[in-house]
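Working notes, beginning with the structure itself.
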Amino acid sequence: MRLRLSRLLMATTIATGRDKSESAQQNWEDDGSVLPPFFRPLYRWWLDLQQAGDSPDAIPSKSQIDPNAIRAALAYIAMADIIREPKLDVRYRLAGSRLERLYGGPMTGRTLAELYPRAMVDETLGAYACVAETRRPLYTCRTFRLLRVQLGFDRLILPFASKADGEADTALTCLIPTSDEIREAGDWQRHATDYGPEAA
(Lines of atoms letter the chains of each structure in order from A; the text may use other names.)
(Lines give C-alpha, C1' and ligand atoms only; values in the text may rest on other atoms or scores of the structure.)
Protein backbone atom coordinates (compact mmCIF):
# COMPACT_ATOMS: atom_id res chain seq x y z
CA MET A 56 0.00 0.00 0.00
CA ARG A 57 1.37 3.42 -0.93
CA LEU A 58 1.24 5.12 2.41
CA ARG A 59 3.26 8.23 1.71
CA LEU A 60 1.26 9.92 -1.00
CA SER A 61 -2.11 8.38 -0.21
CA ARG A 62 -2.22 10.44 2.98
CA LEU A 63 -4.52 13.41 2.64
CA LEU A 64 -3.52 16.57 4.46
CA MET A 65 -6.45 18.23 6.16
CA ALA A 66 -6.51 21.70 7.68
CA THR A 67 -9.46 23.18 9.52
CA THR A 68 -9.42 26.84 10.45
CA ILE A 69 -12.17 28.65 12.34
CA ALA A 70 -11.69 32.40 12.52
CA THR A 71 -13.77 33.84 15.35
CA GLY A 72 -12.45 37.39 15.16
CA ARG A 73 -9.83 39.58 13.57
CA ASP A 74 -7.04 38.26 15.80
CA LYS A 75 -8.51 34.95 16.91
CA SER A 76 -8.42 31.72 14.98
CA GLU A 77 -8.11 28.03 15.56
CA SER A 78 -6.46 25.65 13.15
CA ALA A 79 -5.43 22.04 12.99
CA GLN A 80 -3.80 19.83 10.39
CA GLN A 81 -3.67 16.07 10.32
CA ASN A 82 -2.49 13.37 7.96
CA TRP A 83 -5.13 10.93 6.80
CA GLU A 84 -4.49 7.65 5.07
CA ASP A 85 -7.77 6.77 3.42
CA ASP A 86 -9.90 6.78 0.29
CA GLY A 87 -11.30 10.26 0.84
CA SER A 88 -14.28 9.20 2.94
CA VAL A 89 -13.39 11.87 5.52
CA LEU A 90 -14.03 14.57 2.92
CA PRO A 91 -17.38 16.29 2.27
CA PRO A 92 -19.30 14.26 -0.35
CA PHE A 93 -18.78 16.78 -3.15
CA PHE A 94 -14.99 16.34 -3.00
CA ARG A 95 -14.79 12.55 -2.70
CA PRO A 96 -15.02 11.63 -6.43
CA LEU A 97 -12.42 14.27 -7.29
CA TYR A 98 -9.98 13.06 -4.64
CA ARG A 99 -10.47 9.40 -5.55
CA TRP A 100 -9.86 10.22 -9.22
CA TRP A 101 -6.54 11.82 -8.25
CA LEU A 102 -5.68 8.91 -5.96
CA ASP A 103 -6.36 6.37 -8.72
CA LEU A 104 -3.97 8.26 -11.01
CA GLN A 105 -1.32 8.43 -8.30
CA GLN A 106 -1.52 4.76 -7.38
CA ALA A 107 -1.31 3.73 -11.03
CA GLY A 108 2.03 5.51 -11.40
CA ASP A 109 5.44 3.90 -11.79
CA SER A 110 6.63 4.96 -8.34
CA PRO A 111 4.91 5.15 -4.95
CA ASP A 112 6.42 8.62 -4.56
CA ALA A 113 5.20 9.93 -7.91
CA ILE A 114 2.33 12.33 -8.39
CA PRO A 115 0.11 12.36 -11.47
CA SER A 116 1.23 14.17 -14.57
CA LYS A 117 -0.54 17.30 -15.73
CA SER A 118 -1.08 15.52 -19.05
CA GLN A 119 -3.36 13.04 -17.25
CA ILE A 120 -5.93 15.69 -16.37
CA ASP A 121 -9.10 14.70 -18.19
CA PRO A 122 -11.95 17.24 -17.93
CA ASN A 123 -14.47 14.53 -18.78
CA ALA A 124 -13.45 12.56 -15.69
CA ILE A 125 -14.20 15.46 -13.37
CA ARG A 126 -17.03 17.09 -15.27
CA ALA A 127 -19.34 17.28 -12.24
CA ALA A 128 -16.90 19.59 -10.43
CA LEU A 129 -15.52 21.62 -13.34
CA ALA A 130 -17.45 24.80 -12.59
CA TYR A 131 -15.81 24.95 -9.16
CA ILE A 132 -12.27 24.03 -10.29
CA ALA A 133 -9.28 26.18 -11.14
CA MET A 134 -5.99 25.00 -12.62
CA ALA A 135 -3.00 26.90 -11.30
CA ASP A 136 0.72 27.09 -11.99
CA ILE A 137 2.85 27.00 -8.84
CA ILE A 138 5.77 29.32 -9.57
CA ARG A 139 8.91 28.80 -7.48
CA GLU A 140 11.30 31.42 -8.86
CA PRO A 141 12.20 34.17 -8.13
CA LYS A 142 9.73 33.66 -5.25
CA LEU A 143 6.77 31.41 -4.61
CA ASP A 144 3.66 32.56 -6.45
CA VAL A 145 0.53 31.10 -8.00
CA ARG A 146 -1.04 32.02 -11.32
CA TYR A 147 -4.41 30.69 -12.42
CA ARG A 148 -4.31 29.12 -15.87
CA LEU A 149 -8.01 28.27 -16.02
CA ALA A 150 -10.98 28.90 -13.73
CA GLY A 151 -14.47 27.42 -13.66
CA SER A 152 -17.54 29.55 -14.24
CA ARG A 153 -18.83 29.27 -10.67
CA LEU A 154 -15.45 30.28 -9.23
CA GLU A 155 -15.31 33.36 -11.43
CA ARG A 156 -18.86 34.20 -10.41
CA LEU A 157 -17.84 33.91 -6.76
CA TYR A 158 -14.78 36.07 -7.38
CA GLY A 159 -16.68 38.60 -9.46
CA GLY A 160 -14.62 38.62 -12.64
CA PRO A 161 -12.04 36.80 -14.78
CA MET A 162 -9.35 34.88 -12.91
CA THR A 163 -7.47 33.30 -15.80
CA GLY A 164 -3.90 34.51 -16.20
CA ARG A 165 -3.85 36.38 -12.89
CA THR A 166 -1.76 35.80 -9.77
CA LEU A 167 -3.02 35.62 -6.20
CA ALA A 168 -1.80 39.15 -5.47
CA GLU A 169 -3.72 40.45 -8.48
CA LEU A 170 -6.93 38.84 -7.26
CA TYR A 171 -7.15 38.90 -3.48
CA PRO A 172 -6.55 41.09 -0.41
CA ARG A 173 -3.25 40.55 1.42
CA ALA A 174 -4.68 38.37 4.20
CA MET A 175 -6.29 36.05 1.69
CA VAL A 176 -3.11 35.93 -0.42
CA ASP A 177 -1.08 34.84 2.61
CA GLU A 178 -3.48 32.03 3.54
CA THR A 179 -3.87 30.78 -0.03
CA LEU A 180 -0.17 30.97 -0.83
CA GLY A 181 0.55 29.02 2.35
CA ALA A 182 -1.81 26.28 1.22
CA TYR A 183 -0.16 26.01 -2.20
CA ALA A 184 3.29 26.03 -0.57
CA CYS A 185 2.22 23.08 1.57
CA VAL A 186 1.02 21.16 -1.48
CA ALA A 187 4.19 21.94 -3.43
CA GLU A 188 6.45 20.84 -0.58
CA THR A 189 4.60 17.69 0.49
CA ARG A 190 3.25 16.76 -2.97
CA ARG A 191 0.03 15.66 -1.24
CA PRO A 192 -3.54 16.85 -1.61
CA LEU A 193 -4.64 19.43 0.94
CA TYR A 194 -8.20 19.84 2.14
CA THR A 195 -9.06 23.02 4.03
CA CYS A 196 -12.26 24.04 5.77
CA ARG A 197 -12.21 27.71 6.73
CA THR A 198 -15.02 29.47 8.56
CA PHE A 199 -15.45 33.09 9.59
CA ARG A 200 -18.05 34.19 12.11
CA LEU A 201 -18.86 37.85 11.61
CA LEU A 202 -21.45 38.89 14.19
CA ARG A 203 -24.50 36.86 13.18
CA VAL A 204 -23.15 35.94 9.76
CA GLN A 205 -21.07 32.84 9.09
CA LEU A 206 -18.93 32.72 5.98
CA GLY A 207 -16.48 30.13 4.81
CA PHE A 208 -15.36 27.66 2.21
CA ASP A 209 -14.24 24.09 1.67
CA ARG A 210 -11.20 23.71 -0.58
CA LEU A 211 -9.32 20.75 -2.01
CA ILE A 212 -5.95 21.27 -3.75
CA LEU A 213 -4.56 18.38 -5.80
CA PRO A 214 -0.89 18.38 -6.94
CA PHE A 215 0.28 17.50 -10.46
CA ALA A 216 3.66 17.57 -12.23
CA SER A 217 4.21 19.11 -15.64
CA LYS A 218 7.87 18.07 -15.96
CA ALA A 219 9.89 14.89 -15.72
CA ASP A 220 11.45 15.97 -12.41
CA GLY A 221 8.12 15.25 -10.72
CA GLU A 222 7.89 18.53 -8.82
CA ALA A 223 4.39 19.66 -7.90
CA ASP A 224 4.22 22.71 -10.14
CA THR A 225 0.57 22.46 -11.16
CA ALA A 226 -2.51 22.22 -9.00
CA LEU A 227 -6.19 21.63 -9.45
CA THR A 228 -8.15 23.52 -6.83
CA CYS A 229 -11.81 22.90 -6.08
CA LEU A 230 -13.53 25.45 -3.84
CA ILE A 231 -17.13 25.71 -2.72
CA PRO A 232 -18.75 28.06 -0.17
CA THR A 233 -19.92 26.50 3.07
CA SER A 234 -23.19 28.45 2.85
CA ASP A 235 -25.80 27.88 0.13
CA GLU A 236 -26.55 31.61 0.32
CA ILE A 237 -23.13 32.49 -1.12
CA ARG A 238 -23.46 32.24 -4.90
CA GLU A 239 -21.69 35.31 -6.25
CA ALA A 240 -19.14 37.93 -5.25
CA GLY A 241 -21.58 40.39 -3.70
CA ASP A 242 -22.91 37.77 -1.30
CA TRP A 243 -19.61 37.63 0.62
CA GLN A 244 -17.86 40.87 -0.29
CA ARG A 245 -20.29 43.10 1.62
CA HIS A 246 -19.61 41.15 4.81
CA ALA A 247 -15.85 41.09 4.28
CA THR A 248 -15.89 44.86 3.71
CA ASP A 249 -17.71 45.44 6.98
CA TYR A 250 -15.29 43.21 8.85
CA GLY A 251 -12.10 44.57 7.31
CA PRO A 252 -9.47 43.13 4.93
CA GLU A 253 -8.34 40.55 7.48
CA ALA A 254 -11.67 38.76 7.08
CA ALA A 255 -10.85 37.78 3.53
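Residue numbers (this note's numbering): 56 to 255.
Heads up, the beta-carbon is just placed ideally off N, CA and C, and yes, glycines get one too.
DSSP beta-bridge partners of Asp136: Residue 136 sits at position 81 when you count from the first residue of the sequence shown. For Asp136, which the question treats as bridged, DSSP gives the partners Arg146 and Thr225.
Reduced DSSP secondary structure (H/G/I, E/B, other) of Ser152: By one-based count along the sequence shown, residue 152 stands at place 97. In this structure, Ser152 counts as helix in the three-state DSSP scheme.
Closest residue to Leu143 among Ala182, Gly87 and Cys229 (Cα-Cα distance): Along the sequence shown, read from residue 1 onward, the residue named residue 143 stands at position 88. Per the Cα distances, Ala182.
Member of Pro172, Ala184 and Pro161 whose CA lies at the smallest distance from the CA of Asp136: Here residue 136 refers to the residue found at position 81 when the sequence shown is read from its first residue. Nearest of Pro172, Ala184 and Pro161 to Asp136, Cα basis: Ala184.
Where Ile120 sits in the DSSP three-state scheme: Numbered from 1 along the sequence shown, position 65 holds the residue referred to as residue 120. Residue state, collapsed to three classes: coil.
Presumed contact (8 angstroms Cβ cut-off) between Phe94 and Leu211, rounded CB distance: One-based indexing of the sequence shown puts residue 94 at position 39. One-based indexing of the sequence shown puts residue 211 at position 156. Rounded, the Cβ-Cβ distance is 5 angstroms, consistent with contact.
Burial state of Gly164, where buried means 16 or more other Cβ atoms lie within 10 Å: Position 109 of the sequence shown, counted from the start, is the residue given in the question as residue 164. Label assigned to Gly164: exposed.
C-alpha gap between Glu188 and Ile132, whole angstroms: What you label residue 188 is simply residue 133 of the sequence shown in a count that begins at 1. What you label residue 132 is simply residue 77 of the sequence shown in a count that begins at 1. Computed Cα separation, rounded: 21 angstroms.
Buried or exposed (CB count within 10 angstroms, at least 16 for buried), Ala150: For this step, residue 150 is matched to residue 95 along the sequence shown. Around the C-beta of Ala150, 16 or more other C-beta atoms lie within 10 Å, and the residue is accordingly described as buried.
Ala187: first and last residue of the uninterrupted alpha helix (DSSP H) it sits in: The sequence position of residue 187 within the sequence shown is 132, counting from 1. Following the DSSP letters along the chain, one finds Ala187 inside the alpha helix (DSSP H) bounded by residues Arg173 to Thr189.
Element boundaries [alpha helix (DSSP H), containing Asp103]: On the sequence shown, residue 103 is found 48 positions in, with the first residue counted as 1. Segment Arg95 to Gln106, the alpha helix (DSSP H) holding Asp103.
Pairwise C-alpha distance: Pro92 and Gly159: Here residue 159 refers to the residue found at position 104 of the sequence shown. Here residue 92 refers to the residue found at position 37 of the sequence shown. Gly159 and Pro92: Cα-Cα distance of roughly 26 angstroms.
One or two residues paired with Pro214 in a DSSP bridge: If you number the sequence shown from 1, residue 214 lands on position 159. In the DSSP output, where bridge partners are listed per residue, Pro214 has Ala226.
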